[in-house]
Amino acid sequence: EKKGCSMLTDYGFYFQPVVPGSMDNNGAIGNSIGGSSRSSNKVGPSGKAHVWFMDDIRAISRRYDGMKDRGLEIYLAKQHSVLLTFENTEVRERVILLVSQRISSVKSLPLPCFTDRSFVESALELWQAGELDNFEYLLCLNSAAGRSFHDLSRYPVFPWVLSNYGENDDEDDFSDDFSTMLDFTDPDNFRDLSKPIGALNEQRHADFYNRYMSMVQQQKSHASQSNQDVPFMYGTHYSAPGYTLFYLLRVMPEHMLLLQNGKFDVPDRLFHSIDATYKSILTNPADVKELIPEFFDPDCYDFLINSMGLGLGNLQTGERVNDAILPLWANKSAKRFLRKNRAALESEYCTRNLPKWIDLIFGIASRGQGAKDAKNLFHPMAYIGPEDLEAIRNPEDRERAELQATEFGIVPDQLFSRKHPSKNENIGSWGDSDALFTRDRLRESYGVEDNTNFSAPVMTKGESGRAPSRFFVDEAMMQNYNATGSHVGANPFD
42 EKKGCSMLTD YGFYFQPVVP GSMDNNGAIG NSIGGSSRSS NKVGPSGKAH VWFMDDIRAI
102 SRRYDGMKDR GLEIYLAKQH SVLLTFENTE VRERVILLVS QRISSVKSLP LPCFTDRSFV
162 ESALELWQAG ELDNFEYLLC LNSAAGRSFH DLSRYPVFPW VLSNYGENDD EDDFSDDFST
222 MLDFTDPDNF RDLSKPIGAL NEQRHADFYN RYMSMVQQQK SHASQSNQDV PFMYGTHYSA
282 PGYTLFYLLR VMPEHMLLLQ NGKFDVPDRL FHSIDATYKS ILTNPADVKE LIPEFFDPDC
342 YDFLINSMGL GLGNLQTGER VNDAILPLWA NKSAKRFLRK NRAALESEYC TRNLPKWIDL
402 IFGIASRGQG AKDAKNLFHP MAYIGPEDLE AIRNPEDRER AELQATEFGI VPDQLFSRKH
462 PSKNENIGSW GDSDALFTRD RLRESYGVED NTNFSAPVMT KGESGRAPSR FFVDEAMMQN
522 YNATGSHVGA NPFD
């Protein structure tokens, strides 16, 4: 993460890193020495700005900075993206408007914004038409709901699809023809996508429900008045930074070490086996986590392999934690496991039932009465939003609430206000209804004319990374620009 200033021109989007102490109170670049500002001081480690050319911008998305709605993800050519955060929502919306107008002014199509209603409608239509597969469609919904590969607290969430992860306990080699070992026409091989993880095991859910009813009785008797004591079924979430790093330990060990104060977790709590992890989410009262996109992308097989030779310790059984132990049907191949998992996601059974899971994560069963009815109710902090955070008057309480939400899991933005349609269902009436909830309504609140100029550079924080694999943009749309030096600005922020 880097602090700096941003400048928007017709040629590109510039980000100028700023070294600590090199910006004064008026937004000028330079260190304050003896009461004076000297703009000739170094800016960034090399004194060079990053630039992302308008030619390379393929799409944008609104993003969060913690619990603050002020981030912007810019998707670039070659499937990379950059995340910038601004001083506030208003500045971010002005930047979106100016970038969109600059690019759209020379094209026949507008710049796609993944958090706009039109994008969700298009993604749904393309999925129903068979032009988007299930994996691509879920990436689209995650992006529209505020999830990003840049944000561990809002990492894209994917479902456990299968229920058969039996392991290979011997050293025999298996034939390459192992399709009969995993029958996609057998419903018993699949997880029930109509239920959240916490409700897959009825016996365990009975314990969750009994605790929930006990909390309801306490609330009725006025024994508990705190918002944090509002009744809930699950005290942990299906997606949180710790769970993402649990899966990505072998490719992002430095992040896990930061999370664990310089040490890896106890070996028996590390991600060492697919089957053991699935059994845990069925039986462990503190484990209801779903999966991440990497489980369905054969190109990401490295997260299952200990290629760095990390010393992850030994289980209580004496077995060394090394590569993740795969199901029998994977035939000891990480790529094969991911290909079969992807095939299961794209299967007819999963396609038919996927809308039920989408209701749980992005739709009518994700919060409120719908979540209660679907046995999908989490701790109240999982539903907190920017407006809720601002309503907390005490700064310490506000900071504590934000920390709890970002560390222990946040429910994605709700996208659908009615049941998600099946693959073959007619959705012609959706365009004239309130069936979709998206954040493009913010644009109407911060209208800015195309010729608007702002006096000071934007103070931003930036980072770069990978982006979802497919965009609804015609490459022929992108045109060259001549720099005219339009600036976008705001006050510096911490």
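42 is the number of the first residue of the sequence shown in our numbering; add one for each residue after it. We treat Cβ as the ideally placed atom computed from N, Cα and C, and that holds for glycine. Since the structure is predicted, the reported quantities are computational estimates derived from the model, not experimental observations.
Go to residue i, then tell me how far its beta strand (DSSP E) extends in each direction, as first and last residue.
i       : result
Lys-109 : 109 to 117
Ala-100 : 98 to 106
Phe-231 : It is not in any beta strand (DSSP E) - Phe-231 carries neither H nor E in the DSSP assignment.
Phe-94  : 91 to 94
Determine the extent of the alpha helix (DSSP H) in which residue i is found, giving its start and end residues.
i       : result
Lys-320 : 315 to 324
Phe-249 : 243 to 261
Leu-125 : Note, Leu-125: premise wrong, no alpha helix (DSSP H); beta strand (DSSP E) at 121 to 126.
Trp-168 : 158 to 169
Val-132 : 130 to 145
Trp-370 : Note, Trp-370: premise wrong, no alpha helix (DSSP H); not H, not E.
Phe-155 : No alpha helix (DSSP H) contains Phe-155, which DSSP labels as neither H nor E.
Ala-240 : Here Ala-240 belongs to no alpha helix (DSSP H), and DSSP marks it neither H nor E.
Pro-427 : 427 to 432
Within 10 angstroms of its Cβ, does residue i collect 16 or more other Cβ (buried), or is it exposed?
i       : result
Pro-542 : In this structure the chain extends from 42 to 535, so residue 542 is not present and cannot be described.
Leu-49  : buried
Glu-134 : buried
Val-59  : buried
Asn-394 : buried
Leu-124 : buried
Glu-331 : buried
Val-161 : buried
His-246 : buried
Ser-122 : buried
Val-499 : A caution first: Val-499 carries a pLDDT of 38, below 50, which makes its placement in the model unreliable, though a value can still be read off. Looking at its Cβ environment, which holds 16 or more other Cβ atoms inside 10 Å, Val-499 is buried.
Gln-57  : buried
Lys-261 : exposed
His-263 : exposed
Pro-153 : buried
Ser-47  : buried
Ser-458 : exposed
Asn-355 : exposed
Gly-352 : exposed
Val-307 : exposed
Glu-42  : exposed
Val-147 : exposed
Glu-172 : exposed
Val-329 : buried
Thr-324 : exposed
Please classify residue i: does DSSP put it in a helix, a strand, or coil?
i       : result
His-296 : helix
Tyr-52  : coil
Gln-57  : strand
Glu-440 : helix
Asp-270 : helix
Gly-411 : helix
Ala-476 : coil
Ser-463 : coil
Leu-203 : strand
Phe-336 : helix
Lys-43  : strand
Arg-361 : strand
Phe-419 : strand
Phe-449 : helix
Tyr-284 : helix
Glu-208 : strand
Tyr-196 : coil
Phe-457 : strand
Asn-175 : helix
Tyr-275 : strand
Asn-347 : coil
Val-489 : Since pLDDT at Val-489 reaches only 38, below the 50 mark, its modelled position is unreliable, and the value read off the structure follows with that caveat. Three-state result, Val-489: coil.
How many whole angstroms separate the CB atoms of residue i and residue j, which I take to be in contact at a CB cut-off of 8 Å?
i       : j       : result
Thr-392 : Lys-464 : 6 Å
Pro-421 : Met-349 : 39 Å between Cβ atoms; not a contact.
Val-132 : Asn-382 : About 41 Å; that fails the 8 Å criterion.
Leu-430 : Arg-441 : Wrong, their Cβ atoms sit about 11 Å apart, outside the cutoff.
Lys-416 : Pro-237 : 6 Å
Phe-419 : His-278 : 6 Å
Phe-176 : Ser-388 : The pair is not a contact, with the Cβ atoms about 12 Å apart (cut-off 8 Å).
Next on the checklist: So, does the region 232 to 247 touch the region 364 to 371, judging by three or more C-beta pairs under 8 Å?
Outcome noted: Contact between the region 232 to 247 and the region 364 to 371 is absent, because fewer than three Cβ pairs lie under 8 Å.
Item to check | Stretch-stretch touch, CB-based, cutoff 8 Å, three pairs: the region 101 to 111 with the region 177 to 187 | outcome: As far as the Cβ criterion goes, the region 101 to 111 touches the region 177 to 187, which means the pair count is three or higher.
Checklist entry - Is the region 374 to 381 close to the region 407 to 423, with three or more CB pairs under 8 Å? => result No: fewer than three Cβ pairs fall under 8 Å.
Checklist entry - Between the region 355 to 364 and the region 299 to 314, are three or more C-beta pairs nearer than 8 Å? => result The answer is yes - the region 299 to 314 touches the region 355 to 364, with three or more Cβ pairs under 8 Å.
Next on the checklist: Assess contact between the region 189 to 208 and the region 275 to 294, defined as three or more Cβ pairs (one per stretch) separated by less than 8 Å. Is contact present?
Outcome noted: Yes, the region 189 to 208 is in contact with the region 275 to 294.
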